[in-house]
Structures are given as structure tokens and as C-alpha cells.
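So the sequence shown is numbered by our numbering: it starts at 2 and just counts up by one.
Take a look at the structure set out below.
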Amino acid sequence: MSVSTFHLLSLRVAYGHSRGRAGGMLPECNIGLNPAWSEPRTEAYTMENSLHLGPLDLKKNGITSPLLWAGLAFSLLALLAAWMLLGSQAVPQPVGAPGNLDRLAQQTFIDQTGVRIVLVALSAGGGMIDLRYQVIDPDKALIVHDEDTPITIIDEASGAALKTLWMDHGHERELHAGVTYPNLILNVGGVLKPGSRVMIAIGDARLEGVIVQ
């Protein structure tokens, strides 16, 4: 159909009496084509002229990479804060299987360090070790903040020592008796597995036979 035909085209739709309903004639509807629509395009239609919301159009739509990274960083910090809060309020649980630690050895460790080890478990897909300790004596427990003698997890099978913190646990944080605090230590090389037996070292104190959860 030619362009001139489109210019002259007018569609008239007339509706008769509605079936099954009372009433007269429905109003007539005139549907005409806007002549401007039939004008030839003066520019080539390309994909760039269409609207896209895909990943490649982030900058085009005002969303920049720095903004995305800022959002991701904020979300990560919020999750970490929640994890730290829940960890500090957690009810202490016994380390490993019941009776796997000698009570005398545990008490000796507490007397030396002022803390009770309550959990050693893998997290983050095995890439980190979640070590939690309950403060018994806040003054003695300050040793856990000593940079010269950091908390160290030693694999009893291989002798590998793991002590690199995922992030600073805050040397200025005040410790309170009865509160359980978390520490995230990197499981470098995936040395530890569920069921591994480890020794916890803080300063000169040692606690052997701890089972990794």
C-alpha cells in the first residue's frame, strides 16, 4: 500500500446493538492514522536509538561503577556488623564433641589467658575459621589483643600454624566477663577440614585436642 493511500485511509468501526444487553447503539469510533506516522524515516534505526537496561547501559542510565561498589561495600559492612553483634551475644557452646577436652587442661588454659574457647568452626565455604572465646577474666583476656602473641590455631596433623586475621578485631575494644567474642582467621591453603584436631595457642598457653566443626 502506498504512502498516499495511508494518508487517505480512515477506518470507521460501527458497533450495532450489543448482544444480550439492553441499550441502543454504541457510539461510533473513528480511528485515523496520523499522517506524520507514515512519513519516511530520515535517520537509520539502530540499536543505539532503542532503550536498553542491560549491564552495558549502566553509565548511559546514570548508574556508575563507583556507585555500585559503594552499595556493595555498604552491604558487606552491614552483614559484618550483624555477624559481630550476633557473635557477641551468642550462648557459649562446648568445643567439639562432648568430653573431647580434658577439663583440667581447659581450666589451666582459662587461668593463663582469662578466656574459654567455645567454638572453632569453618565458615565462608571453608576459607575462614570462626574462633569464638568467652571472657572469664577481662584483665587476663587482654592478651588476645597482643600483636606480638596473636591467637594461633595449629593443625596437629601437619603442624601448620594459622593466625592471620581476616580483619582487625579492634585492640581498643573493652572486654566484658561472660561475653563471647568472635575472631575470623584465614584458613590459608584450606589446611583445616571439618574434624581436624587443632591446638589453640595464646601467648605461652596451649589448649590441645580441639575438634574443628
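We put the CB at the ideal spot given by N, CA and C, even for glycine.
Which one of the options has the shortest CA to CA distance from residue i?
i           : options            : result
residue 125 : 203, 186, 72, 206  : 186
residue 155 : 164, 148, 176, 168 : 164
residue 130 : 179, 152, 178      : 152
residue 111 : 213, 143, 159      : 143
residue 203 : 114, 128, 176      : 114
residue 145 : 162, 159, 176      : 176
residue 167 : 128, 157, 192      : 128
Give me, in chain order, the residues of the same chain whose beta-carbon lies closer than 6 Å to that of residue i; leave out the 5 immediate sequence neighbours on both sides.
i           : result
residue 133 : 119, 120, 181, 183
residue 178 : 136, 139
residue 205 : none
residue 53  : At residue 53 the pLDDT is 46, less than 50, meaning the model places this residue with poor confidence; the figure from the coordinates comes in the next sentence. Contacts found: none.
Tell me the residue span of the alpha helix (DSSP H) that contains residue i.
i           : result
residue 187 : Residue 187 -> not in any alpha helix (DSSP H); beta strand (DSSP E) instead, spanning 181-187.
residue 105 : 104-114
For residue i, which residues in the same chain have their Cβ closer than 7 Å to its Cβ, ignoring the five residues on either side in sequence?
i           : result
residue 60  : Residue confidence is low: residue 60 scores 48 on pLDDT, short of 50, so the model does not pin down where it sits. Its coordinate-derived value is still stated next. Nothing meets the Cβ criterion.
residue 108 : none
residue 159 : 192
Report yes if the C-beta distance between residue i and residue j is below 8 Å; otherwise report no.
i           : j           : result
residue 198 : residue 189 : no
residue 106 : residue 209 : yes
residue 116 : residue 161 : no
residue 157 : residue 200 : yes
Note the first and the last residue of the continuous beta strand (DSSP E) segment covering residue i.
i           : result
residue 224 : There is no way to answer for residue 224, as the model of the chain reaches only from 2 to 214.
residue 131 : 129-136
residue 155 : 153-156
residue 208 : 206-212
Short of 8 Å in beta carbon distance, which residues of its chain neighbour residue i, apart from the five on each side in sequence? Order them along the chain.
i           : result
residue 196 : 212, 213
residue 76  : none
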